[in-house]
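Residue numbers (numbering that gives the first Met the number 0), protein chains in the order written: chain A, 0 to 200; chain B, 0 to 200. Yeah, the Cβ is synthetic: ideal placement off N, Cα and C, and Gly gets one too.
Number of protein chains: 2
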Amino acid sequence: MPKGIPESVPDDGLTTRQRRTLPITAVHTGPGKGKSTAAFGMALRAWNQGWSIGVFQFVKSAKWKVGEENALRVLGASDQGGTVDWHKMGEGWSWLQRSTEMTMSSEEAAKEGWEQVKRDLAAERYRFYVLDEFTYPMHWGWVDVAEVLEVLGERPGSQHVVITGRYAPEELTSFADLVTEMTKVKHPMDAGRKGQRGIEW
Amino acid sequence: MPKGIPESVPDDGLTTRQRRTLPITAVHTGPGKGKSTAAFGMALRAWNQGWSIGVFQFVKSAKWKVGEENALRVLGASDQGGTVDWHKMGEGWSWLQRSTEMTMSSEEAAKEGWEQVKRDLAAERYRFYVLDEFTYPMHWGWVDVAEVLEVLGERPGSQHVVITGRYAPEELTSFADLVTEMTKVKHPMDAGRKGQRGIEW
C-alpha cells in the first residue's frame, strides 16, 4: 500500500491533515478466515500509536480468540503503547453485576453491549474500538442498523471503529470507509481436519 | 468457527490427534487489505501457545508494519508466550554482514531470505513462520515455486508457515491447507484520503 498520492482529491473543504485524522469505520466481512484476526492485527498498530483500545466481543462463547486476548492484555499492561480493555459478552459484560448478567438473554446482552459502546463513544473513552462479531446482532435485528449508523456518523473526535462478522448489512458497508471481504478459498476442515490449537485459537 | 465435527473424515490413516498437529501452510492473498495483518494476528495465537515465531519480511521498505513489529517484539520479550525473531529484507537481513548486504540487488536479497528460511526449516528453528510478501519473489520468478513446495512439503516436525501477498502462484494455493483471499470492497484512499497513522501503519 503506497503512501503516495490518492487518485482523486475530494471536494470536501478539508485539508490533507484534517483528512488524515478523520475517524475510520472499517468492516471485515465475508465467509473467509481472518476477519477478527485482521482486526486484532490493526489493534497492534493502534497500540503502537499509544491509542486506548476497547474490544467488545459480541459472542456467546468466550473461549475463542484467547490468544489474541492474552497478547493484547500483555501489550496493554506493558510500559509501551496504548491501553487495552477487553469486554466479553460470553463471560458477562465487565460493567454489569454478575446477578444482572445471569438473567439476560443473548439478545438483551447484545443490546446492552451496544448501549455501552454508545456511552463510550459519547465519552470518547477509546481511540480504537474492535466490535468483534457485531454484525450478527444487526443481522438478527437485535440492534437497529439505522441507529448504529447514526451513532457512528455523529461520534465525536477521532475514534476509529472496526466491526467484524459475516452478513454485514448493506447499509453498514455503504456507510463504512474501509470494507474488506474475506473469501474462503480453502480450509483444512474441508479436508476433515479439526481445529488446531495455535492456529484456530 | 465451531470446534465440532468435520464434514468428512479423511482416509489418511491418521488419528485425530495426529491430524491436529499437522503442520499448516496458510496463504493470504488477493487485492484487499488485511493479508499481512491477519498473519500477524495469527502470530498472536502462536505466541500465546508459547511457540517460537520467525517473521521474514520480503519487502524493500522496512517502514511498513512497524506497529505489528513493535507489538510482537514487546510480546517476544515479555515473560509470557513464545519468542519472536523479526527479519527484514528492507533493512538488510539480520544474519548478513552489512557490507555483504549493501551490494545485493532485491533479487539477490529475496533469494538469500529464502535460503535462510530453508536453513531454519531444516533446523526446526521456529514453530511458526510468517513469510510476509513472499508471493512477490515467487511471482517475479526470483524464487522457484516448485522448490518452495518441495521444501515446505518435506519440512520436518510441526512447523506452521503463513505466506502473504498478492499474486500467489496457483501451485502454491493448490498446495496450501488454508487459503484466504482478501477482496477489496472499499478503501478510504478511493475517496481521496491518504494513508493514516495507526490505521495503515
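{"Query": "Below-9 Å beta-carbon distance, residue 39/A vs any chain B residue", "Result": "yes"}
{"Query": "Buried versus exposed call for residue 66/A [16 or more other C-beta atoms within 10 Å across all chains shown]", "Result": "buried"}
{"Query": "Residue 46/A vs residue 81/A beta-carbon contact at 9 Å", "Result": "yes"}
{"Query": "Cβ of residue 195/B within 9 Å of any chain A Cβ", "Result": "yes"}
{"Query": "Beta-carbon separation (whole angstroms), residue 131/B vs residue 58/B, contact threshold 8 Å", "Result": "7 Å"}
{"Query": "Cβ of residue 129/B within 9 Å of any chain A Cβ", "Result": "no"}
{"Query": "Environment of residue 169/A [buried if 16+ CB atoms lie within 10 Å]", "Result": "exposed"}
{"Query": "Three-pair Cβ contact test at 8 Å for the stretch 82-97 of chain A versus the stretch 158-169 of chain A", "Result": "no"}
{"Query": "Rounded straight-line distance, which links the Cα of residue 91/A to that of residue 184/B", "Result": "34 Å"}
{"Query": "Cutoff 9 Å: residue 0/A Cβ touching any chain B Cβ", "Result": "Here residue 0/A scores only 40 on pLDDT, less than 50, and its place in the model should not be relied on; the value that follows carries that caveat. Yes, residue 0/A counts as interfacial toward chain B."}
{"Query": "Where residue 48/B meets chain A, residues with beta-carbon distance less than 8 Å", "Result": "66, 196, 197"}
{"Query": "Exposure label - residue 50/A; buried when at least 16 CB within 10 Å", "Result": "buried"}
{"Query": "Unbroken alpha helix (DSSP H) run spanning residue 39/B, endpoints", "Result": "34-47"}
{"Query": "Own chain residues within Cβ distance below 6 Å of residue 0/B, not counting five before or after", "Result": "Only weak support is given to the placement of residue 0/B: the predicted model assigns it a pLDDT of 40, under 50, and the question is left unresolved by the model."}
{"Query": "Cβ-Cβ separation, residue 32/B to residue 179/A (assumed contact under 8 Å), whole Å", "Result": "5 Å"}
{"Query": "Cβ shell of residue 23/B (< 7 Å), same chain only, five flanking positions each side left out", "Result": "159, 176, 177"}
{"Query": "Segment limits, beta strand (DSSP E) that includes residue 25/A", "Result": "24-28"}
{"Query": "Whole-number beta carbon distance between residue 55/B and residue 116/B, since they are thought to touch under 8 Å", "Result": "6 Å"}
{"Query": "heavy atom of the ligand MN below 8 Å from residue 169/A C-beta", "Result": "This structure simply doesn't include the ligand MN, nor any ligand for that matter."}
{"Query": "Cutoff 9 Å: residue 147/A Cβ touching any chain B Cβ", "Result": "no"}
{"Query": "DSSP three-state assignment for residue 176/A, whether helix, strand or coil", "Result": "coil"}
{"Query": "Endpoints, the alpha helix (DSSP H) within which residue 113/A is located", "Result": "105-121"}
{"Query": "Identity of the residue in 141/B, 134/B, 146/B, 137/B nearest residue 106/B by Cα", "Result": "141/B"}
{"Query": "Whole-angstrom C-beta distance between residue 164/A and residue 40/B, which should lie under 8 Å", "Result": "At roughly 15 Å, the Cβ-Cβ gap does not stay under 8 Å, so residue 40/B and residue 164/A are not in contact."}
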